[in-house]
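Undergrad: Heads up, the working numbering is the position in the sequence shown plus 32, with the first residue counted as 1. I'd like to ask you about the structure that follows.
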Amino acid sequence: MALETYQLTKRFGSFTALDQVTLKVAPGTVHALLGENGAGKSTLVKCIAGFHRAEAGSILVDAREQEVPNPVAARALGIGMVYQHFTLAPGMTVAENLLLAGGQVPHVIDWKRKRDELNAFLASTPFRLDLDARPQELAAGEKQKLELLKQLYLQPRLLILDEPTSVLTPQEADEVLGHVRELARAGRCTVLLITHKFREVMAHADDVTVLRRGHAVQHCAVRATDPARLAQAMVGDAGAAA
Ligand code: ADP
Ligand code: MG
Numbered sequence: 033m034a035l036e037t038y039q040l041t042k043r044f045g046s047f048t049a050l051d052q053v054t055l056k057v058a059p060g061t062v063h064a065l066l067g068e069n070g071a072g073k074s075t076l077v078k079c080i081a082g083f084h085r086a087e088a089g090s091i092l093v094d095a096r097e098q099e100v101p102n103p104v105a106a107r108a109l110g111i112g113m114v115y116q117h118f119t120l121a122p123g124m125t126v127a128e129n130l131l132l133a134g135g136q137v138p139h140v141i142d143w144k145r146k147r148d149e150l151n152a153f154l155a156s157t158p159f160r161l162d163l164d165a166r167p168q169e170l171a172a173g174e175k176q177k178l179e180l181l182k183q184l185y186l187q188p189r190l191l192i193l194d195e196p197t198s199v200l201t202p203q204e205a206d207e208v209l210g211h212v213r214e215l216a217r218a219g220r221c222t223v224l225l226i227t228h229k230f231r232e233v234m235a236h237a238d239d240v241t242v243l244r245r246g247h248a249v250q251h252c253a254v255r256a257t258d259p260a261r262l263a264q265a266m267v268g269d270a271g272a273a274a
């Protein structure tokens, strides 16, 4: 999916959280949205995913302007989102969590057929998880894999990850993001990766947009960028003086 926002503005009362933010995400890429805490990253993706409505500007999916009044509308457009915090049902197995994400009620389904289907689904992804494990038995990295699988199960065309590595070790983060990149490369989905970790952008993203205090201040291909300038764009002149 090609995703664009055009001059998106979002205010909370008199505070302008996003000021005419234009973002262009190319299909099949991992596009990083980089910025410090409070830069407006989550606000931007919440507008795209239908949790907030912008006061001005537009959202374009495959070059067509779209209204995204609520999360259901975002889902219908093929937009899926993984959050920083986990949203797993603790008493349920990996298999049951997946079925629940797909809107299926675990106890009224043909279990044998579903298991085969879930195993085939798992095998089609880079993620390896035990269908019978329960979230409380999983390490943080595995929990985040399950969150990703819950979204992938719905076959999104755009996967938004809002700081998916914040509770992971650097090793877990690299593994998960490496797999995310494989998914994008394989044409499975386009990925918008929100992070404040500069290192993750350099290691795992194709393109990057830097957000600073509600403004998109830089947009470039990661390979073509000067890391020092990118880091500078994040913090601005105040950061340079400090
Ligand atoms: P980031 O995800 O980059 O850390 P956010 O998008 O969460 O930043 O927040 C950007 C700014 O908007 C912050 O100053 C934050 O306090 C403010 N903000 C975010 N959500 C709300 C809200 N629902 N009401 C009021 N202010 C908000
Ligand atoms: Mg945030």
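A virtual CB, placed ideally from N, CA and C, is assigned to each residue, including glycine. Fair warning: this is a prediction, and the values are worked out from it, not measured in the lab.
1. Would you say the beta carbon of residue 195 is closer than 7 angstroms to some non-hydrogen atom of the ligand MG?
2. Give me the residue from 92, 205, 233 with the minimum Cα distance to residue 175.
3. Within 10 angstroms of the Cβ of residue 144, are there 16 or more other Cβ atoms? Answer buried if so, exposed if not.
4. Give a yes or no on contact between the stretch 232–246 and the stretch 41–55, applying the rule of three or more CB pairs nearer than 8 angstroms.
5. Under 7 angstroms from any heavy atom of the ligand ADP, does the C-beta of residue 69 make it?
6. Please tell me whether residue 239 and residue 61 are closer than 8 angstroms, where the distance is taken between their beta carbons.
7. Which runs of the beta strand (DSSP E), 3 residues or longer, sit entirely within the stretch 203–232?
8. With hydrogens ignored, establish whether the beta-carbon of residue 46 is closer than 7 angstroms to any heavy atom of the ligand MG.
9. Identify whether residue 41 lies in helix, strand or coil by the three-state DSSP scheme.
10. Check residue 165 in the structure and name its three-state DSSP category.
11. Could you check what DSSP says for residue 113 in three-state terms: helix, strand or coil?
12. Around the C-beta of residue 156, are 16 or more other C-beta atoms found within 10 angstroms, so that it is buried, or is it exposed?
13. Let me know if residue 274 comes out buried or exposed under the rule of 16 or more other beta-carbons within 10 Å of its beta-carbon.
14. Per DSSP, which one or two residues make a beta bridge with residue 90?
15. Is the stretch 221–240 touching the stretch 63–76, taking contact as three or more C-beta pairs under 8 angstroms?
16. For residue 47, write down the residues that DSSP places opposite it in a beta bridge.
17. Using the DSSP secondary-structure output, state which residues sit across from residue 239 in a beta bridge.
TA: To lay it out plainly:
1. Here residue 195 refers to the residue found at position 163 of the sequence shown. Answer for residue 195: yes, Cβ within range of the ligand MG.
2. Position 143 of the sequence shown holds residue 175. For residue 175, the nearest C-alpha among the options comes from 205.
3. Position 112 of the sequence shown holds residue 144. Residue 144 is classed as exposed because its beta carbon has fewer than 16 other beta carbons within 10 Å across all chains shown.
4. Touching, yes, given that three or more Cβ pairs across the two stretches are closer than 8 angstroms.
5. Here residue 69 refers to the residue found at position 37 of the sequence shown. Distances between the C-beta of residue 69 and the heavy atoms of the ligand ADP include at least one below 7 angstroms.
6. Here residue 239 is taken as the residue at index 207 of the sequence shown, counted from 1. Here residue 61 is taken as the residue at index 29 of the sequence shown, counted from 1. Taking 8 angstroms as the cut-off, the Cβ atoms of residue 239 and residue 61 count as close.
7. You should have 222–227.
8. The residue given as residue 46 occupies position 14 in the sequence shown. Residue 46 Cβ: outside cutoff for every heavy atom of the ligand MG.
9. Start at 1 with the first residue of the sequence shown, and residue 41 comes out as number 9. Reduced to three states, the DSSP call for residue 41 is strand.
10. The residue you call residue 165 lines up with position 133 of the sequence shown. It is coil, neither helix nor strand.
11. Sequence index remark: in the sequence shown, residue 113 carries index 81 (1-based). Note: residue 113 maps to strand in three-state DSSP.
12. By one-based count along the sequence shown, residue 156 stands at place 124. The residue is exposed, with fewer than 16 neighbouring Cβ atoms inside 10 Å.
13. In the sequence shown, counting from the first residue as 1, residue 274 sits at position 242. Legend: pLDDT at residue 274 = 48, less than 50; position of this residue unreliable, value from coordinates given subsequently. Note on residue 274: under 16 other CB atoms within 10 angstroms of its CB, so exposed under the neighbour-count rule.
14. Here residue 90 refers to the residue found at position 58 of the sequence shown. Beta-bridge pairing links residue 90 to 38.
15. Counting Cβ pairs under 8 angstroms, three or more are found: they touch.
16. Sequence index remark: in the sequence shown, residue 47 carries index 15 (1-based). The partner list for residue 47 (beta bridge, DSSP) reads 44.
17. To locate residue 239, count along the sequence shown from 1; it is residue 207. DSSP output for residue 239 lists 63, 253 as bridge partner(s).
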